[in-house]
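The next block holds one structure in the form of structure tokens; read it before the comments.
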Ligand SMILES: *[C@@H]1O[C@H](CO)[C@@H](O)[C@H](O)[C@H]1NC(C)=O
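In mature numbering (1 follows the signal peptide of the UniProt record, and there is no 0), the protein residues as written are -23 to -1, 1 to 599.
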């Protein structure tokens, strides 16, 4: 336990020092060739895509087609083989194009960005305002193909914005090249980077129109000092994240200004949110994993093809950012007295509707994949900021979450409980339960669950989907439920992959850390580790016997012997578990014949891929 804690805090410190900071090494162009696979799509060739025909609102499929058409106009090679002619394809530029259309009047320049030889990716965004002025956000290295692509946008580069302390490396060269463009920085940037030909800074505490009304803050709390040279602030709205302080320096870390383009409902963020891809390079599969099944993102599509396996360094970077930096940012970088303000900002950005706030339908992060779809964007931001839009603005970040946990009546479910990965695993758990114990897991849980909310779920007619119902009952049951698999560790060591709310509360863990925890971490002494291992092995070995088709008594007797187990929480308090129902999880699918699976297990042809448990009663020992 101790070494785990040390590992975490040590890595946090590491992650601070390894968060993008300058100087970076610039990406070399042309890029080194890599082995990324690419999928090519037949693309319509452009008929000179007249800009003015683009309606303000149109259906998703049409929007997609128009974006593809515009991409081929910018780079004719895209029409030919589905790839851009700018660079080889990789996760940080999936299309290989100099400029990729992302939404109406929004274009992105996606580039690799090397930090200690690790590609951390970097994206510039260009917004074409209604007067045809181009606004460049988070500029990347300027080169002839990019200039040529910019020339095709029928506008001039009039504004260049460096939105935070980190994304400023190329501002100087843009200022030198575009001598008449206005150069803008986030608050405080002019002093930090004096070598840039600045025009001005976006004002401290910048807020978009309607912020005061929506959030109920007084107008005079929002300072407005605008420069005459600025762009139309209604068309591209800035919001200063004025709540952070680096605990090591006492100063803001990113000091980012984020932007919203209402016409295309696009959010531009550089480091406040990131979306690094999953290891297999499938576009936005990481989002589907985390958020759930009902998503309307394009996923893998013509302008964001799958790219094959992501290099190890970038994968490690993702883990560092998601698992270490995000909690660190939320817990330590937001000044404690600013929590409410941060939540207010997060809600304005995430929860907007017709009555106000930003109604984001496309998120363009500087790092990682673009996210699309109104519902999905909201879920993604809710998860990232740790807030819930259907919750009336209550208290601070952590507070909201724990309230949700205690409130069994809440219909809210953390997205990891209904993610695709979880649903697939729960199905295997339930089928394996049926196979070993002969009972329907959902029925058992409904029968044993004493909390009213869960038992009413039996009759709820809107839960037609059996699997989804199982997921909800499992997540919310007062009976602790958990499982581990043997699949992720090369030596087959058991690592947790599921813990319902009751289990996580009981053991004192958060989901994210729990699902990477070797399961022997919840026992304390060597003797307990051994005892626990014996129990698990016995269950495994006994499975063959129990699966002889006649009775499942073997396992039940065995479990009964271990009716009183002592385990240790993360905070080292001990707990007594009574009525431990353990079973093996097999790789079963719903169309499988359970009898023949039983045979396979008996003959040793099918091995358990994990084990699961539900516990009847838990007592805290002082
Ligand atoms: C489970 O079985 C499916 C085929 O039914 C297979 O594709 C998959 O790789 C298996 N998973 C594991 C973890 O063995």
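Beta carbons are placed, not taken as given, at the ideal position from N, Cα and C, and that holds for glycine. Please read these numbers as outputs of a predicted model, since none were measured by experiment.
Excluding its 5 nearest sequence neighbours in each direction, residue 266 has C-beta neighbours in its own chain below 6 Å: 396, 398, listed in chain order. Nearest to residue 139 by alpha-carbon distance, out of 330, 236, 54, 416, is 236. Residue pairing from DSSP places residue 236 in a beta bridge opposite 215, 245. The beta-bridge partner set that DSSP reports for residue 588 consists of 461, 561. A Cβ-Cβ contact shorter than 9 Å links residue 48 with residue 61. When C-alpha distances from residue 478 are compared across 470, 471, 402, 389, the shortest belongs to 389. Apart from the 5 residues on each side of it in sequence, residue 256 sits with its Cβ closer than 7 Å to the Cβ of 286, 287, 292 in its chain, given in chain order. Taken through DSSP and simplified to helix, strand or coil, residue 260 comes out as coil. In this structure the region 115 to 133 does not lie against the region 208 to 221, because fewer than three pairs of beta carbons, one per stretch, are closer than 8 Å.
Counting the other CB atoms within 10 Å of its CB gives residue 131 a total below 16, which places it among the exposed residues. Taking the CA atoms as reference points, residue 289 sits about 42 Å from residue 572.
If you draw a straight line from the Cα of residue 55 to the Cα of residue 73, it is about 9 Å long. Rounded to the nearest angstrom, the gap between the Cα atoms of residue 476 and residue 357 is 21 Å.
When only Cα atoms are considered, residue 494 and residue 83 end up about 42 Å apart. Take residue 424, set aside five residues on each side of it, and no residue of its chain has a beta-carbon closer than 7 Å to its own. Assignment of residue 183 by DSSP, reduced to helix, strand and coil, places it in the coil class. Apart from sequence neighbours up to five positions away, the residues of its chain that approach residue 483 with a beta-carbon distance below 6 Å are 457, 595, ordered along the chain. Here residue 92 is not near residue 278, since their CB atoms are 9 Å or more apart. DSSP places residue 399 inside the alpha helix (DSSP H), whose first and last residues are 397 to 414. Among the bridge pairs identified by DSSP, residue 281 is matched with 278. Around the Cβ of residue 128, a 10 Å sphere holds fewer than 16 other Cβ atoms; the residue is exposed. Comparing C-alpha distances from residue 163 to each of 173, 264, 155 shows the shortest one belongs to 173.
Around the Cβ of residue 261, a 10 Å sphere holds 16 or more other Cβ atoms; the residue is buried.
Close to ligand 1, as judged by a C-beta nearer than 6 Å to any of its heavy atoms, are the residues 464, 564, 566, 586, in chain order.
Closest in C-alpha terms to residue 181, from the list 165, 191, 159, comes 165.
In the three-state scheme derived from DSSP, where H, G and I count as helix and E and B as strand, residue 161 is classed as strand.
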